[in-house]
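Read in order, the letters of the sequence shown correspond to residues 1 to 281 in the UniProt record's numbering. Yeah, the Cβ is synthetic: ideal placement off N, Cα and C, and Gly gets one too. Computed from a predicted model, the values in this text were never measured in an experiment.
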Amino acid sequence: MKRILLPTDFSKNAWNAISYAMEFFKEEKCTFYLLHTYTPVYHRMDYVLGVPAFTTIPDSGVDTHLAALDKTFSEVKKKFKNPLHHFKKLSAFNQLSDEINEVAEREGIDMVVMGTQGATGAKKIFMGTNTVYVIRKSKVPVLVIPENYKFNGVQKILFPSNYLTLYKPKELRPIIEIAKAQKAQITVLYVLEESELDIRQEENKEFLRECLEEVAPMFMETRTEYMPDAIHNYVRDNSIDLLAMMNPKHSFMERLLLQQNVDEIGFQVEIPFLVIRDTAK
């Protein structure tokens with residue numbers, strides 16, 4: 001049984017991500033954990049001391065958030081009835097990215113599914129601050145669902161790679177499992193920015209081919225001076241349904257996502273985006 005974490009801030013965007021997850025895992029046994037994190041008002045003395053006094057000092061903010069979580073939890077169970085699915089609700093005083101890692105470790109979470117819209121609501125921003133932080137810090141795969149994107153099956157998965165990293169087979173399992181469950185084709189895309197593959201890259205490519213052999217991937221190359229544009233163009237021109245990427249530190253992934261600050265995102269994609277932490281050294 002899969003364990004899927006669904007962060008929510010009770011927004012339309014968060015609800016859309018939940019709806020997508022219900023369809024995405026429709027045929028799989030899952031336990032869904034609906035998570036809401038709440039950052040308290042720090043001027044209260046009990047918060048300053050680090051010991052929120054739930055039972056002695058009322059906090060209307062906490063009550064409001066918990067009531068909203070109860071309502072969303074009830075709505076999810078009512079609308080998405082599926083004998084294969086079970087639901088749990090979680091709330092915490094914590095930063096979202098930190099709480100996700102804590103819950104992931106405690107509950108054995110397989111994947112996080114969340115929306116993209118940031119607090120600014122700016123249409124030009126693909127991912128809000130919370131989403132970027134989660135992607136950067138999450139120890140489990142994160143599936144990011146664009147605002148208003150509706151599930152319509154997954155037939156084509158794009159997996160860009162520079163072949164500089166020797167992936168671990170277990171890191172590739174989420175992509176393989178999705179491809180098998182959705183009967184999707186995986187295309188591995190190498191963006192040729194400067195020169196041909198060196199010996200190490202060739203070896204890593206062959207190892208990747210072996211790891212993905214059970215889903216018969218396609219391997220493609222494209223030439224460009226700027227990788228984000230190449231990926232965006234390939235997604236658009238080939239009707240890709242899901243973009244999957246590894247996220248090692250100081251990699252082209254961070255070039256893709258992060259500019260001068262986390263609120264300014266330079267790469268926009270209009271399809272679900274699966275990010276997997278690359279633990280290779």
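Counting along the chain, Arg173 sits inside the alpha helix (DSSP H) bounded by residues Pro169 to Gln182. Between Ser138 and Asn101, the C-beta gap is smaller than 8 Å, which places the two residues in contact. Assigned with DSSP and collapsed to three states, Leu5 falls in strand. The count of Cβ pairs closer than 8 Å, one atom from the segment 190–208 and one from the segment 28–38, stays below three, leaving the stretches out of contact.
Residue pairing by DSSP places Tyr33 opposite Leu5 and Lys88 in a beta bridge.
In this structure, Val134 and Val112 form a Cβ contact; the two beta carbons are roughly 7 Å apart against a cut-off of 8 Å. Between the C-alpha atoms of Asn13 and Glu99 there is a straight-line separation of about 20 Å.
Nearest Cα to Phe80 within the set Leu66, Ala67 and Glu23: Glu23.
A straight line joining the alpha-carbon of Lys168 with that of Glu203 spans about 14 Å.
Around the CB of Ser161, 16 or more other CB atoms lie within 10 Å, so the residue is classed as buried.
In the assembly as shown, Lys150 is an exposed residue. Its beta-carbon has fewer than 16 other beta-carbons within 10 Å. In this structure Ile199 is exposed. Its beta-carbon is surrounded by fewer than 16 other beta-carbon atoms within 10 angstroms.
Restricted to the segment 191–226, the beta strand (DSSP E) segments that are unbroken, complete and at least 3 residues in length are 218–223, listed in chain order.
Membership of Leu242 in the beta strand (DSSP E) is indicated by the continuous run Leu242 to Met246.
Around the beta-carbon of Asn233, fewer than 16 other beta-carbon atoms lie within 10 Å, marking it exposed. Its chain contains Lys89 as the residues whose beta carbon lies nearer than 8 Å to that of Asp70, once the 5 sequence neighbours on both sides are disregarded; these appear in chain order.
Contact between Asn238 and Lys180 is ruled out by a C-beta separation of about 21 Å, above the 8 Å threshold. Just so you know, the alpha carbons of Pro228 and Ala244 end up roughly 13 Å apart. Take the alpha-carbon of Phe207 and the one of Leu166: they are about 8 Å apart.
With distances taken between CA atoms, Pro272 lies nearest to Ser19 out of Ser19, Thr8, Ser195 and Glu196. For Ile176, the closest C-alpha among the options Arg236, Phe159 and Ala68 is that of Phe159. According to the DSSP secondary-structure assignment, Phe159 is paired through a beta bridge with Val188.
A straight-line Cα-Cα distance of about 36 Å links Arg236 and Glu105. Assigned with DSSP and collapsed to three states, Val140 falls in coil, not helix or strand. In terms of CA proximity to Asn130, Thr8 leads the group Arg277, Thr8 and Met1. Short of 6 Å from the beta carbon of His86, and not among the five residues preceding or following it, lie these beta carbons of its own chain, in chain order: Thr31. In the structure shown, the three-state DSSP call for Phe151 is coil. Excluding sequence positions up to five before and after Gln182, its CB lies within less than 6 Å of the CB of Val154, all in the same chain and listed in chain order. Contact check for Leu274 and Leu143: beta-carbon distance about 5 Å, within the 8 Å limit, so the pair qualifies.
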